[in-house]
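First residue of the sequence shown? That's 11 in this note's numbering, and the numbers climb one at a time after it.
The structure under discussion appears below in the form of structure tokens.
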Amino acid sequence: MADNLYNRGGSIEGDGHDRASTSGADALIGFAKAHDIDFIFCSPIAVMAPVWEAFAAKAIDDGGVETTPRYRNCRHELLAVGLAHGYARVTGKPQIVFLPTGLGVLNGAMGLRSALQERTPMLVLSPDTITYGTDKTCDPGCEWPSLLVDHHGPAAYGQLATKWARELKMPHELVPELRRALYFADSIPRGPVLLQIPFEFLKNPVPVPREQAFTGSVTVASDADLDKVVKLLVNARAPLVITEHAARSNDRGARAKFLSFVEELGAPVFEFINPTTESFPRSHPLYAPTAVEAHLGEADLIVVAGSNAPWHPPRPEALAEGCVVVVVDEDPLRPRAPFWGYRSDAGLAGDICENLKLLADKLKALRARGEAPPRNAAHVALWTERNAAIRSAKRTAAKNARQKDCVHSSQLYSAMNRLLPAGSAVVDEIIASLPLLIEGMFSAVGEGEPQKDFLHVRGWAGALGTGIPIALGCKLALGPERAVCCFVGDGAFHYTPIPACFGFCQQYAVPILIVVCNNRGLVSQSWNIHKYYPHGAAVTSNRFLGPDITPTPAYAALAAAYGGHGETVADASQLDAAIGRCLAAMKDGRFAVLDVLCEP
Ligand SMILES: Cc1ncc(C[n+]2csc(CCOP(=O)(O)OP(=O)(O)O)c2C)c(N)n1
Ligand SMILES: [Mg+2]
């Protein structure tokens, strides 16, 4: 099937030898189709003409029913990268992103950097030129030798923010290198990769080899290494587990595997302050709805099950003497970060949840044979009781939470939890109220009620401005039936390419709900002033320079410019009706902006 798709309009006869495509752009579309890529997210530049021509021809061939790969135009590079990021977070599948030469890569670099840290796969392509207009059959335009040429170019710019980046040198490399790059993006640790492709190779025919998709196998630790770790688990009487991203996507039943490990070990599960998803059910009796730091000293064994920074501060004396730390991650000790200051006694590399499931199976088998003590029932009972008490106290506090002149964030999350349909995705780019969001959206509103099944996707990895693009990518992946709600801080909103995002919603009818958590400032940016200068000039004179966003913009009004629905709420009693109107607008295919004046 792959071959004739590579070769639209050309002969498909032959017996395994290379053949020519009508153009490199045609070969690219054929490659995407053959490799099950659904979208090409593109920030345009004029040298993409061969790609646009190929897509126009494909549309004619499609006869009015759009087939994959689908082309989506993006008015900002951060949007294009974020769409691929969100799509991969839901489906696990890498998509293609086009960034216009060096300047486009620089503009999208922050999103790439976040995808690299998040281990999110995508195949980034960036057009360039090798002839600069000297070959009149392939003149890219007068802007190339003058304005667009950079000493470094897209691949060199991409080196810093991707897993792998290179420049194509010969036309016959196009398809084999696309295939190789896609494999690198999708093998663990996953991440963005970048190919710099000369315009000349997109415009002219290229040879297309017959090879099929090259896929790697799941990587797990060796039996001997698993046995070493099982020995440590067997001896633990007070273990605990910390996670940030154990089940980043639910590929191959990752969450069920993680759950089976935790239940077999018999340990509470703590989350890193800003978890990347809900790896472990937050309503489970062993989920600890509190910070781990106060309990580190009680543990004799800690399993760091995928966490970039398991506790803070990273000081060794936080742990009990003799406590053993097992680090289970795709790439333990964080090779992509300059710092790993956490005690690490043993490690398992490879697919996190596969390795945890193998550990659980081994532990279970030992116990069944009576070669290991059963899990510590007293430890499980202690944490079940503690967790229930913490959860109940938090629920009471949330129920009673009020603010004088605005909405308490707990009221916002509780209303959203009630009104958002089960199965919706919740994307967060939130700082000050994040603990309230996790609690309010992911633990049942009422005692004894089942928690709705929401999909949690962290919309940022330290760098602001990615949440709404990622939410849009999630929506493309989830389809019309499942809602997507993106909670974004009023500060984070300013770092987002809003016109490009709203334009995308409008152009392609992608209805998401954007809730601006408007605490009227970059509030978290005042925390260190309070910490280090509690009686200093800034505090005593009330002069906080960092968090300032004044006057407060009318965020909801921006929606109208792009055909969206806007609401502003400053009083909790108005919340339900406003949310209802937003959800109704989304049913009509419109995006909605709900600006909620809230604290904290
Ligand atoms: C691209 C980028 N620039 C600056 C920062 C530093 N920064 C971290 S949080 C923050 C403020 C965010 O404000 P808001 O979204 O309103 O959240 P709040 O602090 O009010 O809870 C800033 C400026 C960053 N993380 N990323
Ligand atoms: Mg704010």
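Just so you know, even glycine gets a beta-carbon here, dropped at the ideal spot from N, CA and C.
Decide if residue i is buried, meaning its Cβ has at least 16 other Cβ atoms within 10 Å, or exposed.
i	result
LEU523	buried
LEU275	buried
CYS152	exposed
GLU23	In this predicted model, GLU23 has a pLDDT of only 36, less than 50, meaning its place in the structure is not dependable enough to derive any value.
ASN528	buried
GLU616	Outside the modelled stretch of the chain, which goes from 11 to 610, sits residue 616, for which no answer is possible.
GLN105	buried
LEU157	exposed
VAL228	exposed
ASP361	buried
MET132	buried
ALA2	With the chain covering 11 to 610 only, the question about residue 2 has no answer from this structure.
ASP500	buried
MET180	exposed
LYS409	exposed
TYR542	exposed
THR144	exposed
LEU38	buried
LEU444	buried
VAL75	exposed
GLU327	exposed
ASN17	Confidence at ASN17 is low in this model, with a pLDDT of 34, below 50, so its placement is unreliable and the value that follows should be read with caution. Buried: at least 16 other Cβ atoms inside 10 Å.
Beta carbon of residue i: closer than 6 Å to some heavy atom of ligand 1?
i	result
GLN535	yes
LEU474	yes
TYR505	yes
ALA432	no
ILE441	yes
Excluding five sequence neighbours on each side, which residues of the same chain lie with their C-beta closer than 6 Å to the C-beta of residue i?
i	result
GLY599	ALA519, PRO521
LEU607	CYS416, ASN528, ALA580
ASN365	VAL230, ALA231, VAL338, LEU358
ALA119	ALA171
ARG85	ALA510, GLY513
ALA12	Note that ALA12 scores a pLDDT of 35, beneath 50, so its modelled location is shaky; the value from the coordinates is reported in the next line. Result list for ALA12: ALA44, in chain order.
SER124	ALA471, ALA473, THR476
GLN127	ALA471
GLY307	ALA330
PHE108	CYS52, LEU135
ALA90	PHE51, SER53, CYS84, VAL107
VAL335	ILE312, ARG353, SER354, ASP355
ALA595	HIS575, ALA602
PHE194	TRP174, VAL203
Using a Cβ-Cβ cutoff of less than 7 Å, which residues in the same chain neighbour residue i once the five nearest sequence positions on both sides are dropped?
i	result
LEU15	For LEU15, the predicted model reports a pLDDT of 31, less than 50, meaning its position is unreliable and no value from the coordinates is stated.
GLU187	LEU178, LEU205
SER197	GLY226
MET451	TYR423, MET426, ASN427, VAL436, PHE464
GLY573	GLN516, ARG600
LYS238	ALA356
Report all residues from its chain with a CB closer than 8 Å to the CB of residue i; omit the five preceding and five following residues, and keep chain order.
i	result
LEU585	VAL417, GLN421, LEU422, ALA425, VAL579, VAL606
PRO508	Residue 508 is actually Ile in this sequence, not Pro. Here the set comprises ILE478, LEU568.
VAL100	SER259, ALA435, LEU465, VAL467, GLY483, CYS484, ALA487, LEU488
ALA165	SER136, ALA175, ARG176, GLU177, LEU204, LEU205, GLN206
GLY163	THR111, GLY112, ASP138, GLU177, GLN206
Please indicate yes or no: does the CB of residue i lie closer than 6 Å to some heavy atom of ligand 4?
i	result
LEU311	Because ligand 4 does not appear in the structure shown, any question about it cannot be addressed here, the ligands present being ligand 1 and ligand 2.
Point to revise | For review: beta carbons within less than 6 Å of any heavy atom in ligand 2 | key: GLY499, ASP500, GLY501, ASN529, GLY531, LEU532, VAL533
Point to revise | alpha helix (DSSP H) runs contained entirely in the stretch 205-262, provided each spans 4 or more residues | key: 209-213, 233-245
**Study point:** Uninterrupted alpha helix (DSSP H) stretches inside the stretch 33-64 (no shorter than 4 residues)
**Key:** 34-44
Exercise for review: Report the residue ranges of all beta strand (DSSP E) runs contained in full by the stretch 51-135; include only those spanning at least 3 residues, in chain order.
Suggested key: 80-83, 106-108
Check your understanding: Where are the beta strand (DSSP E) runs, 3 residues long or more, that stay fully inside the stretch 268-318, in chain order?
Key -> 279-281, 311-315
Exercise for review: Only counting runs of 4 or more residues, tell me where the alpha helix (DSSP H) segments fall wholly within the stretch 521-572, in order along the chain.
Suggested key: 537-542, 547-551, 567-570
Exercise for review: Report the residue ranges of all beta strand (DSSP E) runs contained in full by the stretch 311-365; include only those spanning at least 3 residues, in chain order.
Suggested key: 311-315, 334-339, 356-359
Review point. Which runs of the beta strand (DSSP E) fall wholly inside the stretch 450-485 and span at least 3 residues, in chain order?
Key: 465-468
Practice item. Could you name each continuous alpha helix (DSSP H) segment of 4 residues or more that falls completely within the stretch 159-197, going from the start of the chain to the end? Key: 163-169, 184-196
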